[in-house]
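*Asks:* Quick one: this structure, given as structure tokens, is what I'll be asking you about.
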Amino acid sequence: MKTCKEIKYYMKNNELDIEKIINEYSSYISTIINNMSIDFLNDEDKEEIVSEVFFILWKNKDKLDINKYLSSYLAGITQNIVKEYLRKIKINFDISNYENTLYSDNEIDFMVNNVEIIKNIEKKLKKMKDIDKRIFLKYYYYSKSIKDIAKEERISEFSIKQRLYRIRNKIKKEVKEYE
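With this note's numbering as the guide, the letters of the sequence shown map in order to residues 1 to 179.
This is the structure we're talking about:
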């Protein structure tokens, strides 16, 4: 997927160019599916979800605001479909599944500290420049390569590495202040 583009960019003769959208956004949708489903969906289900996302987009093409970013529509559709799939296969986390698992006080303290650290990282991200947030999320959340991020952001790979280094240092400071 290249940089975020408005829906009007994908209009061709007053029609949505679905083929172009599929080519540019299939991997983006797959990433969202993989991040949400962990290991609960098989490859066939994931492929079916990708197809369903594009079908729903096509079906609702007349309702889209052409000045909005396409990625936000696709992300919302994808998230709703994945949630529905997980409900269908009844992915429920029941306490009885874990009742025989015992945690020591040290493990519980460790987990609580990790939650606090993650909250602090999120606070730090909110204070960052938009470009730094995007780079951080693309690299650590979407597992994109530095090369791909550089192409998408239209800046050098060296610049991406430098920004990631600075972001990590800022976050490390935040985490150390918490500890």
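Every residue gets a Cβ at the ideal spot worked out from N, C-alpha and C, and that includes glycine.
For Tyr10, tell me which candidate among Val82, Ile121, Asn67 has the shortest Cα-Cα distance.
*Replies:* Looking at the Cα atoms, Asn67 is the closest of the given residues.
*Asks:* According to the neighbour-count rule (16 or more other Cβ atoms, all chains shown, within 10 Å of its Cβ), is Tyr98 buried or exposed?
*Replies:* Note that Tyr98 has pLDDT 41, beneath the 50 cutoff, so the model's placement of it is unreliable and the number below is only indicative. So Tyr98 ends up on the exposed side.
*Asks:* Put Lys129 into one of helix, strand or coil per three-state DSSP.
*Replies:* Residue state, collapsed to three classes: coil.
*Asks:* When you compare only the Cα positions, how much space is there between Lys88 and Tyr165?
*Replies:* Going by the C-alpha atoms only, they are around 42 Å apart.
*Asks:* Which of the three DSSP states is assigned to Lys12 in this structure?
*Replies:* Strand, per DSSP.
*Asks:* In its own chain, which residues sit with a C-beta less than 7 Å from the C-beta of Asp105, not counting the 5 before and 5 after it?
*Replies:* Because Asp105 carries a pLDDT of 45, less than 50, the predicted location of this residue cannot be relied on, and the following value inherits that uncertainty. Here the set comprises nothing.
*Asks:* Taking the continuous alpha helix (DSSP H) assigned at Asp43, which residues delimit it?
*Replies:* Unbroken alpha helix (DSSP H) run through Asp43: 43 to 59.
*Asks:* For Leu181, I'd like the list of residues in its chain whose CB is within less than 6 Å of its CB, leaving aside the five on either flank, ordered along the chain.
*Replies:* Only positions 1 to 179 of the chain appear in this structure, which leaves residue 181 out of reach.
*Asks:* Rounded to a whole number of angstroms, what is the C-alpha to C-alpha distance between Tyr139 and Asp62?
*Replies:* Going by the C-alpha atoms only, they are around 34 Å apart.
*Asks:* Take Asp17 and list the residues in its own chain whose beta-carbon comes closer than 6 Å to its own, dropping the five residues that flank it on each side.
*Replies:* Contacts found: Tyr10.
*Asks:* What residues match up with Glu6 in a beta bridge as DSSP calls it?
*Replies:* DSSP lists Tyr69 as partners of Glu6.
*Asks:* Can you give the Cα-Cα distance for Asn169 and Ile149, rounded to whole angstroms?
*Replies:* Roughly 20 Å separates the two Cα atoms.
*Asks:* I need the DSSP call for Ile155, collapsed to helix, strand or coil.
*Replies:* Correct three-state label for Ile155: coil.
*Asks:* Would you give the residue range spanned by the alpha helix (DSSP H) that Ser26 belongs to?
*Replies:* Where Ser26 is concerned, the enclosing alpha helix (DSSP H) stretches over 18 to 37.
*Asks:* Buried or exposed for Phe136, please, with buried defined as at least 16 other CB atoms from any protein chain shown within 10 angstroms of its CB.
*Replies:* Answer is buried; the Cβ neighbour count reaches 16.
*Asks:* For Ser156, which residues from the same chain have a beta carbon less than 7 Å from its beta carbon, with the 5 sequence-adjacent residues on both sides left out?
*Replies:* Counting only Cβ-Cβ distances below 7 Å, and skipping sequence neighbours, we find Ala150.
*Asks:* Only counting the same chain, and skipping five residues up and downstream in sequence, which positions put a Cβ closer than 6 Å to that of Asp109?
*Replies:* Confidence in Asp109 is poor, its pLDDT being 48 and thus under 50, which makes the residue's placement too unreliable to answer from.
*Asks:* Answer yes or no: do Ser30 and Val50 have a C-beta to C-beta separation smaller than 9 Å?
*Replies:* Taking 9 Å as the Cβ cut-off, Ser30 and Val50 qualify as a contacting pair.
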